[in-house]
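S.K.: I am attaching a structure below and will ask some questions about it afterwards.
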Ligand SMILES: [Zn+2]
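In my numbering, the protein residues as written are 960 to 1221.
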């Protein structure tokens, strides 16, 4: 059981972390568990993948698409609960926060009415907001979606220099968030996760089922985590977070807890 869980997602980074400089990921997860072979959802599109990450089911089960989450707020009584809903039920007074550059995640994939602090902004601005928030709040569950890596992939092609350089840039933002948590004294009892929703092709697209699109990286650190390489599916992110708070997995979920504990 952990006091806090921090999930920082790099949209559109796939497993290209391994191809570029990520000094912060290197230091943060030096003794953590990692994988560059995690299967995400197909089609490899943001709403499908983030939806599965937070709802613990395959995308066919939650049915969310970019156009749905862009147009409709997620009903509070949606058949599949997000991990946020479970954490709220267990900890009625806890501080919970979602910072998504792509704002449809905040409202189309995460329930309203749960008293979750939600904010949006471009990645650099978002990072400043997150650090300020973390200095002032003991956030039990923090979710972050940075979007600029995906933007660079669409612009320059995934795996190209422009895309890889943006991963390195967002790695620096990650480092600021990590250091803020460390300085606040809330790291020792925390589970800290970095992953991605999908990758993309050299020509700047995603949605298909090539390895460049469907295979992503996943990093975890925290007490009791084996320093090891592991594998899981992207939907297992939700199960990992629920288990970190000793919450039973809902029967509608198909996610499993990754084998990363000592
Ligand atoms: Zn995406």
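Note that beta-carbon positions come from the ideal geometry of N, C-alpha and C, so glycine has one too.
Since we're looking at a predicted model, the values are computed, not measured.
#1: Do residue 992 and residue 1126 have their C-beta atoms closer together than 7 Å?
#2: Measuring CB atoms only, is the stretch 1111-1126 touching the stretch 1057-1073, in the sense that at least three cross pairs come out at less than 8 Å?
#3: Assign residue 1162 to buried or exposed, taking buried as 16 or more other Cβ atoms, counted over all protein chains shown, within 10 Å of its Cβ.
#4: For residue 1180, which residues does DSSP report across the bridge?
#5: Can we count residue 1036 as close to ligand 1, meaning its CB is less than 6 Å from some heavy atom?
#6: On the three-state DSSP scale, how would you describe residue 963?
#7: Buried or exposed for residue 960, going by 16 or more other Cβ atoms inside 10 Å?
#8: For the beta strand (DSSP E) that residue 1077 lies in, which residues bound it at each end?
#9: Are three or more beta carbon pairs between the stretch 1001-1009 and the stretch 1135-1150 nearer than 8 Å?
#10: Please list, in chain order, all residues of the same chain as residue 963 whose beta carbon is under 6 Å from its beta carbon, the five residues on each side excluded.
#11: Can you determine whether any heavy atom of ligand 1 sits closer than 6 Å to the C-beta of residue 971, and answer yes or no?
#12: With a CB to CB cut of under 7 Å and the five nearest residues on each side skipped, what residues in its chain are close to residue 1062?
#13: Unbroken beta strand (DSSP E) runs of length 3 or more, entirely within the stretch 977-1013: which are they?
#14: Just to confirm my understanding: we take residue 1109, look at its own chain, exclude 5 residues before and 5 after, and list those with CB closer than 6 Å. What are they?
#15: Out of 1059, 1051, 1060, 1010, point me to the one whose CA is closest to residue 1040's CA.
#16: Which residues in the same chain as residue 1018 place their Cβ atom closer than 7 Å to its Cβ, once the five residues preceding and following it in sequence are excluded?
#17: Answer yes or no: the CB of residue 1005 versus the heavy atoms of ligand 1, is any distance below 6 Å?
#18: Can residue 1156 be considered in contact with ligand 1, in the sense that its beta carbon sits closer than 6 Å to one or more heavy atoms?
#19: Could you give the first and the last residue of the continuous alpha helix (DSSP H) run that contains residue 1093?
#20: State the Cα-Cα distance for the pair residue 1178 and residue 1152, rounded to the nearest angstrom.
#21: Which stretch, first to last residue, makes up the alpha helix (DSSP H) that contains residue 1024?
#22: I need the straight-line Cα distance from residue 1188 to residue 1194, nearest angstrom please.
#23: Closer than 6 Å to a non-hydrogen atom of ligand 2 - does that hold for the CB of residue 1168?
#24: Is any heavy atom of ligand 1 found at a distance shorter than 6 Å from the C-beta of residue 1078?
#25: With H, G and I counted as helix, E and B as strand and the rest as coil, what does DSSP make of residue 1043?
#26: Quick one: what does DSSP say residue 1172 is sitting in, helix, strand or coil?
M.R.: Reading off the structure:
#1: no
#2: no
#3: exposed
#4: 1151
#5: no
#6: strand
#7: exposed
#8: 1076-1078
#9: no
#10: 1099, 1145, 1149
#11: yes
#12: 1079
#13: 992-998
#14: 970, 971
#15: 1010
#16: 1000, 1007, 1010, 1011
#17: yes
#18: yes
#19: 1082-1095
#20: 6 Å
#21: Run containing residue 1024: none; DSSP gives neither H nor E here.
#22: 18 Å
#23: Of the ligands this structure carries, namely ligand 1, none is ligand 2.
#24: no
#25: helix
#26: helix
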